[in-house]
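Residue numbers (our numbering): 21 to 528.
The structure is reproduced here in structure tokens:
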């Protein structure tokens with residue numbers, strides 16, 4: 021059975037991709053108090069339409085209700101970039117159709133998930149390189165849940181390559197130069213994904229994204245990618261999504277290998293987290309440290325504000341005590357309320373740290389439109405950071421919980437001008453992780469690496485784990501498109517290539 025949205029929604033959400041303009045990668049969380057945000061677990065690093073953090077006249081959009089600081093990352097993580105390969109699954113059906121002389125919409129019923137797929141081939145939006153294949157459309161996992169995806173084949177050797185960022189211009193630094201890229205709007209209700217909102221935590225999101233990927237990989241269009249290496253690249257709230265998704269994928273793969281589950285194994289080889297919201301306890305403390313002295317940029321606030329922030333964090337009923345109570349509550353029946361209280365109390369630290377600056381780039385003033393480009397022809401039905409999904413997550417205080425990365429091939433990297441998920445907190449998180457390389461990582465100094473003689477980042481490499489502070493880059497500094505001068509797309513691509521190759525970060 022093929023699940024189709026109402027006619028007007030189908031036209032708006034599939035055909036309307038022809039009206040999309042100015043694509044880019046979003047920041048850590050929805051600028052809840054200042055604009056709007058998402059998870060970007062992955063994920064984060066992910067693709068987004070610039071217009072949704074800003075109004076048509078270029079000014080910021082204010083949410084109707086303030087959200088805790090960590091929620092800023094929830095809305096941002098819609099598009100998940102991956103890396104992958106495959107074998108043909110028999111028993112599937114493909115039904116091409118078109119409507120009102122619009123694009124041909126292909127339909128596919130998955131024999132693995134019993135979900136359906138609707139998509140358009142080669143829309144000509146964002147990717148205009150001759151011969152480079154693209155797909156965009158919906159995975160319908162039920163009559164009420166419709167998840168948007170957008171796939172870009174690698175420009176070079178797509179049969180053996182990985183995945184990530186695209187613009188409406190031929191960007192020389194786009195990640196699909198070297199990788200096949202797929203972006204997914206999740207959870208339900210974000211981006212172009214629509215339907216009944218039921219996902220209220222990263223734990224609930226993991227099975228949903230697994231089912232979407234199973235449906236895609238079982239289709240003739242994606243079957244060639246089934247066994248290929250798969251990299252999960254995330255940003256912002258992706259610091260939660262990424263580790264949990266990786267863990268869930270591993271469990272499912274083991275069930276399939278043991279003959280206990282019918283499905284397609286996902287060959288996950290690496291996890292990348294860009295300016296991630298991983299451990300709230302540590303990241304909230306980093307607001308105080310970073311505001312007092314942002315390395316390379318100096319103090320962000322005056323001493324009276326630093327004193328107030330220290331008191332808010334360390335007093336007996338402050339952020340530290342409340343976060344510890346949340347951690348100690350675990351998954352008990354009272355944990356949601358305790359963690360929600362912790363969120364509310366810790367939110368003041370974020371507001372003090374940001375002041376009048378852009379939370380995603382301390383070099384920008386929050387009252388200025390950034391990026392400055394006017395946004396054209398945007399579908400009014402795209403919701404980057406809608407309130408319902410955020411509210412569902414807030415009920416479980418998902419953002420106040422910690423999910424440290426499942427160590428395998430892992431990169432945690434952060435632009436050093438981001439405030440909301442700043443690199444100081446990200447580094448503190450990785451140094452605190454309990455794993456076999458902890459002592460060695462703590463003893464390894466940050467070492468500068470260069471690209472064509474220019475210093476681009478300071479890195480730590482231990483075993484298959486790398487941390488990178490990317491210089492002069494904001495929240496999405498590792499993946500933003502070339503028309504945003506504040507960020508470092510060339511550096512991002514160089515680092516991405518090394519992760520694909522399974523190499524420690526180094527100068528090139």
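In this text, a Cβ means the ideal position worked out from N, Cα and C, and glycines have one as well.
Inset, instruction - Quick one: using the 10 Å Cβ neighbour count with 16 as the cut-off for buried, is residue 383 buried or exposed? - result: Position 363 of the chain shown, counted from the start, is the residue given in the question as residue 383. By the C-beta density criterion, residue 383 is exposed, having fewer than 16 other C-beta atoms within 10 angstroms.
Inset, instruction - Select from 450, 340 and 295 the residue whose C-alpha is nearest the C-alpha of residue 466. - result: Counted from its first residue, the chain shown places residue 466 at position 446. Selection 450, 340 and 295 evaluated against residue 466 yields 450 as nearest (Cα-Cα).
Inset, instruction - Might you give, ordered along the chain, the residues of its own chain that have their beta carbon closer than 8 Å to the beta carbon of residue 112, omitting 5 neighbours on each side? - result: Translated into the one-based positions of the chain shown, residue 112 becomes position 92. Confidence at residue 112 is low in this model, with a pLDDT of 33, below 50, so its placement is unreliable and the value that follows should be read with caution. For residue 112, where only same-chain residues beyond five positions count, the Cβ hits under 8 Å are 128, 129, 130, 131, 238, 239 and 240.
Inset, instruction - Report the rounded CA-to-CA distance for residue 167 versus residue 227, giving the unit in angstroms. - result: Within the chain shown, the letter at position 147 stands for residue 167. Within the chain shown, the letter at position 207 stands for residue 227. Cα-Cα distance, rounded: 13 Å.
Inset, instruction - Just mark residue 311 as buried or exposed, buried being the case when its beta carbon has 16 or more other beta carbons within 10 Å. - result: Taking the first residue of the chain shown as position 1, residue 311 is located at position 291. Buried.
Inset, instruction - Verify whether the separation of the beta carbon atoms of residue 493 and residue 516 is less than 8 Å. - result: Here the question's residue 493 lines up with position 473 in the chain shown. Here the question's residue 516 lines up with position 496 in the chain shown. The beta carbons of residue 493 and residue 516 sit no closer together than 8 Å.
Inset, instruction - To the nearest angstrom, report how far apart residue 511 and residue 321 are at their CA atoms. - result: As a working mapping, residue 511 is identified with position 491 in the chain shown. As a working mapping, residue 321 is identified with position 301 in the chain shown. So the two alpha carbons sit approximately 30 Å from each other.
Legend entry - Identity of the residue in 143, 154, 260 and 135 nearest residue 231 by Cα: Taking the first residue of the chain shown as 1, we reach residue 231 at position 211. It is 135 whose Cα lies nearest to the Cα of residue 231.
Inset, instruction - Taking 8 Å as the threshold, find out whether the region 458-473 comes into contact with the region 326-345 through three or more Cβ pairs. - result: With a cut-off of 8 Å, the region 326-345 and the region 458-473 do not count as touching, because too few Cβ pairs lie within range.
Legend entry - Counted within 10 angstroms of its Cβ, other Cβ atoms place residue 260 as buried (16 or more) or exposed: One-based indexing of the chain shown puts residue 260 at position 240. Taking every protein chain shown into account, the CB of residue 260 has 16 or more other CB atoms within 10 angstroms, so this residue is buried.
Legend entry - Alpha-carbon to alpha-carbon, residue 284 and residue 272: What you label residue 272 is simply residue 252 of the chain shown in a count that begins at 1. What you label residue 284 is simply residue 264 of the chain shown in a count that begins at 1. So the alpha carbons of these two residues sit roughly 9 Å apart.
Legend entry - residue 301 versus residue 251 - alpha carbon distance: Counting from 1 along the chain shown, the entry for residue 301 is found at position 281. Counting from 1 along the chain shown, the entry for residue 251 is found at position 231. Their Cα atoms are separated by approximately 27 Å.
Legend entry - residue 441 beta carbon less than 8 Å from that of residue 213: Against the chain shown, residue 213 aligns to sequence position 193. Against the chain shown, residue 441 aligns to sequence position 421. No. Outside cutoff.
Legend entry - Residue interval of the alpha helix (DSSP H) (run including residue 489): Here residue 489 refers to the residue found at position 469 of the chain shown. It is not in any alpha helix (DSSP H) - residue 489 instead sits in the beta strand (DSSP E) that spans 485-490.
Inset, instruction - May I have the straight-line CA-CA distance separating residue 370 from residue 343, to the nearest angstrom? - result: Taking the first residue of the chain shown as 1, we reach residue 370 at position 350. Taking the first residue of the chain shown as 1, we reach residue 343 at position 323. When rounded, the distance between both Cα atoms is 15 Å.
Inset, instruction - Report yes or no: do three or more beta-carbon pairs, one from the region 344-359 and one from the region 469-478, lie closer than 8 Å? - result: no
Inset, instruction - Would you mind stating whether residue 215 and residue 164 have Cβ atoms separated by less than 8 Å? - result: Taking the first residue of the chain shown as position 1, residue 215 is located at position 195. Taking the first residue of the chain shown as position 1, residue 164 is located at position 144. Yes, these two residues count as a Cβ contact at 8 Å.
Legend entry - 4 or more residues per run - each alpha helix (DSSP H) lying fully within the region 261-340: If you keep only unbroken alpha helix (DSSP H) runs of at least 4 residues inside the region 261-340, you get 300-312 and 323-334.
Inset, instruction - Give the straight-line distance between the Cα atoms of residue 495 and residue 295, rounded to the nearest whole angstrom. - result: Mapped onto the chain shown, residue 495 falls at position 475. Mapped onto the chain shown, residue 295 falls at position 275. Approximately 6 Å between the Cα atoms of the pair.
Legend entry - Counted within 10 angstroms of its Cβ, other Cβ atoms place residue 327 as buried (16 or more) or exposed: Here residue 327 refers to the residue found at position 307 when the chain shown is read from its first residue. Taking a 10 Å sphere around the C-beta of residue 327, we find fewer than 16 other C-beta atoms and assign the residue as exposed.
Legend entry - Neighbour-count burial assignment, residue 280, 16 or more Cβ in a 10 Å radius: The count along the chain shown starts at 1 and reaches residue 280 at position 260. Result: exposed.
Inset, instruction - Would you identify the three-state DSSP class for residue 384, choosing helix, strand or coil? - result: Here residue 384 is taken as the residue at index 364 of the chain shown, counted from 1. Residue 384: strand per DSSP, three-state reduction.
Legend entry - Residues near residue 309 in its chain [Cβ-Cβ closer than 7 Å; skip 5 each side]: Counting from 1 along the chain shown, the entry for residue 309 is found at position 289. If we look at residue 309 and ignore the five residues flanking it on each side, its Cβ neighbours are 444.
Inset, instruction - Sort out for me which residues DSSP pairs residue 166 with in a bridge. - result: As a working mapping, residue 166 is identified with position 146 in the chain shown. Paired residue(s): 160 and 214.
Inset, instruction - Return the chain-ordered list of same chain residues with a C-beta closer than 8 Å to the C-beta of residue 529, the five sequence neighbours on each side being excluded. - result: With the chain covering only 21 through 528, there is no way to say anything about residue 529.
Legend entry - Spatial distance of residue 160 from residue 138 (CA atoms): Numbered from 1 along the chain shown, position 140 holds the residue referred to as residue 160. Numbered from 1 along the chain shown, position 118 holds the residue referred to as residue 138. Cα to Cα, the separation comes out at about 8 Å.
Inset, instruction - Please report the residue range of the alpha helix (DSSP H) in which residue 460 lies. - result: As a working note, residue 460 is residue 440 in the chain shown. Taken as a continuous stretch (DSSP letters only), the alpha helix (DSSP H) holding residue 460 covers 458-463.
Inset, instruction - With DSSP as the reference, please indicate the residues paired to residue 369 in a beta bridge. - result: Here the question's residue 369 lines up with position 349 in the chain shown. Beta-bridge pairing links residue 369 to no other residue.
Legend entry - Cβ separation of residue 175 and residue 152, assumed to be a contact under 8 Å, to the nearest whole Å: As a working mapping, residue 175 is identified with position 155 in the chain shown. As a working mapping, residue 152 is identified with position 132 in the chain shown. Residue 175 to residue 152, Cβ: 5 Å. Contact.
Inset, instruction - Drop a sphere of 10 angstroms on the beta-carbon of residue 158, count the other beta-carbons inside from all chains shown, and report buried for 16 or more, exposed for fewer. - result: Residue 158 sits at position 138 when you count from the first residue of the chain shown. Classification for residue 158: buried.
Legend entry - N-terminal and C-terminal residue of the beta strand (DSSP E) that residue 514 is part of: Position 494 of the chain shown holds residue 514. Per DSSP, residue 514 belongs to no beta strand (DSSP E); it is in the alpha helix (DSSP H), 509-520.
Legend entry - Supposed contact pair residue 373 and residue 298 - C-beta distance, whole angstroms, cut 8 Å: Here residue 298 refers to the residue found at position 278 of the chain shown. Here residue 373 refers to the residue found at position 353 of the chain shown. Between residue 373 and residue 298 the Cβ distance is about 17 Å, and since that is not below 8 Å, they are no contact.
Legend entry - Of the residues 149, 133, 155 and 304, the one placed nearest residue 446, counting alpha carbons only: Sequence index remark: in the chain shown, residue 446 carries index 426 (1-based). Among 149, 133, 155 and 304, the Cα nearest to that of residue 446 is on 304.
Legend entry - Straight-line Cα distance separating residue 254 from residue 171: Within the chain shown, the letter at position 151 stands for residue 171. Within the chain shown, the letter at position 234 stands for residue 254. Straight-line Cα distance between these residues: approximately 16 Å.
Legend entry - Integer Cβ distance of residue 525 from residue 486, believed to fall under 8 Å: Taking the chain shown and counting its residues from 1, the one referred to as residue 525 is at position 505. Taking the chain shown and counting its residues from 1, the one referred to as residue 486 is at position 466. Indeed they touch by this definition, with Cβ atoms about 5 Å apart.
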